[in-house]
Structures are given as C-alpha cells and as structure tokens.
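>
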Amino acid sequence: MRKFLIDTDTASDDAVALLMAHRWPDVQVEAITIVSGNVPVEQGAKNALYTLQMCGASTPVYLGCPKPMLRPCKYAHGFHGEDGMGNMHYPEPQAKPQLDHGVDVIIDTIKSNPRDITLVTLGPLTNIAITLLRAPEIASLVQRCVIMGGAANVVGNVTPAAEYNIWVDPDAAKIVFHSAMPMSMVGWELSRGDAALLPAEIAQIKNLGTDLPRFAVDCNASALEASVKIQDSPGLTLADPVAMTVALDPTIITRQGKYYVEIETVSELTRGQTVVDELGVLKQTPNMTVIWSIDAPRWKEHLYRCLG
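The opening residue of the sequence shown carries number 1086 in the working numbering; numbering runs sequentially from there.
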C-alpha cells in the first residue's frame, strides 16, 4: 500500500479529492491535516470529517495553522459557499478532530515513514512551511510532494497573476518551493478546458443514484456556478481532484518539466504569482516539476470510478 498524507483547506473540491484518495485501492491515507484557506480551520475539519463519514473512512483529522504566516485570512466563501460545501449546511459529523497539532503530525508521520510518504497539498502551504522551518530534514524524507497550487505562466483565478492557494500565503509558498523537496506543481489551469466537468457529465455522476456521487455534485453547487460565471468555464473546474489524480496515477501526465519557479511576495499587483523560468534565463537550479498537461478523459474516468 502507498501511504498518503493530505494537507487541505477542505471545501467542495477538496472533499471530492478526499473521496478519491480513500477509494483508491492501493492507497492508505495516514492522516489529514487542516490549513486555513477556503474556510476557517474548524470548518475545514468538519467538512473533512463529514466527507470521511460519507465514504465510511476513519482517517484521523488534525487542525493546523489557523491563519497565513504574515497576512490576514482570505476565505473563499464567494466560490465555495459560506460553509465551503455549496451552502448545503450538512449536519455535524459524528467524529471530532484529534487533539495533536497538524504540524506535529506531519513531522511525526514523515519521520516515522522515511521516504515512504506521498504528501498531497490541496490548500495554502502554511502548515508545510511551518513544518519545514521546525524540521528542515523533512524535505529529504518525503517520497514525493504534489502541490495543488499556482498558475504556470497563465492567468490566475483570484487575481490576474495568481492562483488562490499561493496568493493566500505566498510567504509560505516561497519557503516550500525553495525547500528542495521532490515536488510537482499542479496548477489550477489543468482543471480548465477539457478537464472541466460539463453539465451532461455532472448529470451522469448524479445519475449513478447513490449517496456518494450525489454528495460530490451537491457540495459543488456554488463552485459550479462560480466556475461558469467567474472563470468563464464550460463546466465545473475541480482543481483539487485533478491534483489528487496526478498523485494517485502519475501516468495521466502528458507533459511535464523541471524548472526554477519563484514566488512573488512583495508586489500587491502580482502577489502569489508562480514565475516559471521556462527558458532558464535566471540561471537558477530547477526546484519544481511543473505539470503542463494531463490526459483529461482518463482523469474523468478515474473520477467516475471512484464515485461509482
């Protein structure tokens, strides 16, 4: 079994990513740590625990950092709803978060499983940055880190320059990107275009007729509306499930490369921009594997299988 550790700011698309990881046959999710991002950490924990309840899993959930390193919280209620789950206002989950701090759990889990943990980050990188500041050796002990974040020299989704997860805590992202971990960046643009779920495909999922696919569609109601109206998408963009699928099945990657990637932390206009040095003009050592494209039909096949 492959061992995953998932760091998330659980909202609607994060929930679908969690479902996929827990329904993948050869993956064991060791822990879920919650970071401030789409929603406050307390709400993120509730959303994660309810999602686990829906798929019959009992993975421990831990609260992490309640705010970005140096900046105020910037939640994504306008995209994911006030509760992060499409304003479905699901009941309180039966389970509660564990008492240990998420950063402690990340350190302990990776140290206890050297070079055996795939770290998947679905939210801002605050927890991971604090982990690296406290225990820099973690960078060499992670087998692989898959980051949902950034926009590889394309338009952002929260500003013209930046993707939300990196924009919320660019200072944390800078620390992580320069940590020398074996990292892959799955930018939000990979969930657009052919990878977006069209209305007929969403109906196909809901028509599976069981609680899990219905939950996956319903909790993304706000995200679907925002995807179409704000992002000019033909359908629902699911950035976190796309990143999770890259972690679960790297063979869906059709183009990738290793580059030096820098994070803008000073300019308010371009705050959080992921500057990919495609041509190597900065003469810096590459620090990130950038995923440029995926096999969109295969990503959707994986999604259908996990929800079916």
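Even for Gly, the Cβ is constructed at its ideal location relative to N, Cα and C.
#1: If I measure Cβ to Cβ from D1384 and keep anything under 7 angstroms in the same chain, skipping five residues before and after, which residues do I get?
#2: State buried or exposed for L1275, treating a residue as buried only when at least 16 other CB atoms are found within 10 Å of its CB.
#3: L1036 and D1325: beta carbons closer than 8 angstroms?
#4: Looking only at C-alpha atoms, which of P1157, G1141, G1163, M1266 sits nearest to I1195?
#5: Please confirm whether P1094 and P1178 have their CB atoms less than 8 angstroms apart.
#6: Between L1148 and chain D, is any beta-carbon pair separated by less than 8 angstroms?
#7: Run through DSSP, which three-state label would Y1345 get?
#8: By the DSSP assignment, the beta strand (DSSP E) with Q1113 in it spans what residues?
#9: So, V1302 versus I1376, is the Cβ gap smaller than 8 angstroms?
#10: As an exercise, report each continuous alpha helix (DSSP H) stretch of at least 4 residues that is fully enclosed by the segment 1275-1356, in chain order.
#11: What does the Cβ neighbour count give for S1121, buried or exposed, with the cut at 16 atoms within 10 Å?
#12: Measuring straight from C-alpha to C-alpha, what distance separates V1231 and V1124?
#13: Spell out a yes or no on whether the segment 1231-1244 and the segment 1135-1152 are touching, meaning 3 or more CB-CB pairs, one atom from each, closer than 8 angstroms.
#14: Taking the continuous beta strand (DSSP E) assigned at S1378, which residues delimit it?
#15: Secondary structure at Q1183, three-state DSSP: helix, strand or coil?
#16: Locate the beta strand (DSSP E) running through D1098, then write down its first and last residues.
#17: Please report the Cβ distance between S1307 and F1164, rounded to the nearest whole angstrom; I am assuming they are in contact, meaning their Cβ atoms lie under 8 angstroms.
#18: Can at least three beta-carbon pairs, one atom from the segment 1126-1137 and one from the segment 1146-1155, be found at a separation below 8 angstroms?
#19: Does the pairing of the segment 1214-1229 with the segment 1363-1381 give three or more beta-carbon distances under 8 angstroms?
Checking against the coordinates, here is how it stands:
#1: At residue 1384 the sequence reads Trp, which differs from the Asp that was named. Excluding residues within five positions, the ones whose Cβ falls inside 7 angstroms are A1280, V1327, T1330, I1337.
#2: By the 16-neighbour rule on beta-carbons within 10 angstroms, L1275 is buried.
#3: For the chain, the structure presents residues 1086 to 1393; residue 1036 sits outside this window and is missing.
#4: Closest option to I1195, Cα to Cα, is M1266.
#5: For the sequence presented, residue 1094 should be read as Asp rather than Pro. No, Cβ-Cβ distance for D1094 and P1178 is not below 8 angstroms.
#6: No chain D appears in the structure shown, which is made up of a single protein chain.
#7: coil
#8: 1112-1119
#9: no
#10: For the segment 1275-1356, whole alpha helix (DSSP H) runs of length 4 or above, ordered along the chain, are 1284-1291, 1296-1303, 1306-1314, 1324-1333.
#11: buried
#12: 21 angstroms
#13: no
#14: 1373-1379
#15: strand
#16: Unbroken run through D1098 is the alpha helix (DSSP H), 1097-1107; no beta strand (DSSP E).
#17: 7 angstroms
#18: Three or more beta-carbon pairs drawn from the segment 1126-1137 and the segment 1146-1155 are found closer than 8 angstroms, and the two stretches are therefore classed as touching.
#19: Output reads no: the segment 1363-1381 does not touch the segment 1214-1229.
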